[in-house]
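Comments concern the structure below.
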Ligand code: A3P
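Numbering (the working numbering), first residue to last: 59 to 360.
Structure representation (structure tokens):
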């Protein structure tokens, strides 16, 4: 019942704003609605016991969020199904007329878990001042790009991506919402030298889920039994999350799942079904150039 009320509110609010329009903050492309309230985002007051989940869009954010929520709730799936993921863990950049992610976070009791896609330099300074724990999840550029392309096709809140060939160029030039993939993954990687950031990789989570979930558990200061970890692995598997209405955004009015489902393929190496040979070469060249100044490396295929 509560859920329907939320969705109704969101739909009526949705009609009042300007979906898909973009602007910029410090050269980073962001939704126009967000740019319009930028001071409110920048002035957000984090608290020392806040946990932040940060990522480039489509890197496995929702997956990480659900893992965190289940760990915090000792693997209790009923508790984790109490509400859709965006209500359990407010999204800082969620802008609506009446109820933005910031308002949601401000109204929430501590300890709070929050989500952002902001590049490191645009994160509200209070997160650094309060020394909040942060989990960052990154995904290889090629799968990330393909996933983002299909997401922009199905999500009315983002600009239309155009054709795949057009999108490929836009993505590599960094002119997509939330900015350049290169700068994002490198910026957060560098920041972990001076701040408590657990840096995860989508590909490692796929290949070694127990190992990665244990890392998250330890980072959160929890100690769960082996069988609970097994249950968390099962309940955060792609197939289970795809059927879970609290994690698959099935009720989000701006997403058209018949164009492309939110839980699309959940694979490593799906880019091979999308990239031409020439695009692969171009992407590799751009990657070599842009990643020359970092120790970061990614698994592109199994
Ligand atoms: P694909 O589009 O490649 O399928 P985000 O939550 O950051 O928006 O990321 C969404 C991407 O993560 C989608 O990728 C989605 O299918 C994938 N994903 C979500 N949950 C997953 C899970 N439990 N296991 C593997 N991939 C998952």
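In this text, a Cβ means the ideal position worked out from N, Cα and C, and glycines have one as well.
Any chance you could list the residues with Cβ under 6 Å from a heavy atom of ligand 1, keeping chain order? Per the Cβ criterion, the list is 113, 115, 116, 117, 118, 119, 120, 121, 201, 205, 208, 294, 295, 296, 299, 321, 322, 323, 324, 328.
Locate the alpha helix (DSSP H) running through residue 204, then write down its first and last residues. The count along the chain shown starts at 1 and reaches residue 204 at position 146. Here the alpha helix (DSSP H) through residue 204 covers 199-212.
Identify, in the order they occur along the chain, each residue of the same chain with its Cβ nearer than 6 Å to the Cβ of residue 210, setting aside the five sequence neighbours on each side. For the purposes of this step, residue 210 is taken as the residue at position 152 of the chain shown. 216, 219, listed in sequence order.
Sorted by chain position, which residues of the same chain lie with C-beta nearer than 8 Å to residue 63's C-beta, five sequence neighbours on each side aside? Within the chain shown, numbered from 1, the residue matching residue 63 stands at position 5. A caution first: residue 63 carries a pLDDT of 38, below 50, which makes its placement in the model unreliable, though a value can still be read off. So the list is empty, once near-sequence residues are dropped.
Got a sec? Which residues, its chain only, sit under 7 Å from residue 204 by beta carbon, not counting five neighbours each side? Taking the chain shown and counting its residues from 1, the one referred to as residue 204 is at position 146. In its chain, beyond the 5 residues on either side, 328, 329, 332 have a beta carbon closer than 7 Å to the beta carbon of residue 204.
Mind checking whether residue 361 and residue 94 have CB atoms under 8 Å apart? No information on residue 361 is available, as it lies outside the stretch 59 to 360 that the chain covers here.
Identity of the residues DSSP links to residue 87 by a beta bridge: As a first step, residue 87 is located in the chain shown; it is residue number 29 there, counting from the start. Within the DSSP secondary-structure output, residue 87 pairs in a beta bridge with 82.
Can you check the stretch 208-275 for any beta strand (DSSP E) of at least 3 residues that lies completely inside it and give the ranges in chain order? Segments of the beta strand (DSSP E) lying fully in the stretch 208-275: 255-259.
State whether the stretch 162-177 contacts the stretch 134-154, with contact taken as three or more CB pairs (one from each stretch) at a distance under 8 Å. Yes, since at least three Cβ pairs between the stretch 162-177 and the stretch 134-154 fall closer than 8 Å, the two stretches touch.
In whole angstroms, what separates the C-alpha of residue 287 from that of residue 224? As a first step, residue 287 is located in the chain shown; it is residue number 229 there, counting from the start. As a first step, residue 224 is located in the chain shown; it is residue number 166 there, counting from the start. Looking at the two C-alpha atoms, the distance is approximately 43 Å.
Can you tell me where the alpha helix (DSSP H) with residue 128 in it begins and where it stops? For the purposes of this step, residue 128 is identified with residue 70 of the chain shown, where counting begins at 1. Taken as a continuous stretch (DSSP letters only), the alpha helix (DSSP H) holding residue 128 covers 119-130.
Name the DSSP bridge partner or partners of residue 173? On the chain shown, position 115 is the one that residue 173 refers to. DSSP, once it has assigned bridges, lists 111, 149 as partnering residue 173.
Buried or exposed by the 16-neighbour rule on C-beta atoms within 10 Å, applied to residue 127: Within the chain shown, numbered from 1, the residue matching residue 127 stands at position 69. Residue 127 sits buried, since 16 or more C-beta atoms from the chains shown fall within 10 Å of its C-beta.
Can you tell me where the alpha helix (DSSP H) with residue 163 in it begins and where it stops? Within the chain shown, residue 163 is the residue found at index 105, counting from 1. Run containing residue 163: 159-165, per the alpha helix (DSSP H) assignment.
Quick one: using the 10 Å Cβ neighbour count with 16 as the cut-off for buried, is residue 115 buried or exposed? The count along the chain shown starts at 1 and reaches residue 115 at position 57. Classification for residue 115: buried.
Are the beta-carbon atoms of residue 326 and residue 285 separated by less than 8 Å? Within the chain shown, the letter at position 268 stands for residue 326. Within the chain shown, the letter at position 227 stands for residue 285. Going by beta carbons, residue 326 and residue 285 fall outside the 8 Å limit.
Other residues of its chain near residue 90: CB distance less than 8 Å, five sequence neighbours each side excluded: As a working note, residue 90 is residue 32 in the chain shown. For residue 90, the CB contacts under 8 Å within the same chain, skipping 5 residues up- and downstream, are 76, 79, 80, 81 in chain order.
Touching or not, the stretch 299-309 and the stretch 191-206, by the rule of three or more beta carbon pairs under 8 Å? With the cut-off at 8 Å, the stretch 299-309 and the stretch 191-206 do not touch.
Would you say the stretch 189-196 touches the stretch 253-267, given that touching needs at least three Cβ pairs under 8 Å? Yes, they touch.
To which residues of the same chain is residue 264 closer than 7 Å at the C-beta, ignoring the five residues directly before and after it? Against the chain shown, residue 264 aligns to sequence position 206. Exclusion of the five residues before and after residue 264 leaves 326 as the residues of its chain whose Cβ lies within less than 7 Å of its Cβ.
So, for residue 143: in the same chain, excluding its five sequence neighbours on each side, which residues have a beta-carbon less than 7 Å away from its beta-carbon? Sequence index remark: in the chain shown, residue 143 carries index 85 (1-based). Contacts found: 120, 123, 124, 304, 305.
Starting from residue 195, follow the alpha helix (DSSP H) in both directions and report where the run begins and ends. On the chain shown, residue 195 is found 137 positions in, with the first residue counted as 1. Counting along the chain, no alpha helix (DSSP H) covers residue 195; the unbroken beta strand (DSSP E) around it starts and ends at 191-196.
Mind checking which residues open and close the alpha helix (DSSP H) that includes residue 299? Position 241 of the chain shown holds residue 299. First-last of the alpha helix (DSSP H) with residue 299: 296-301.
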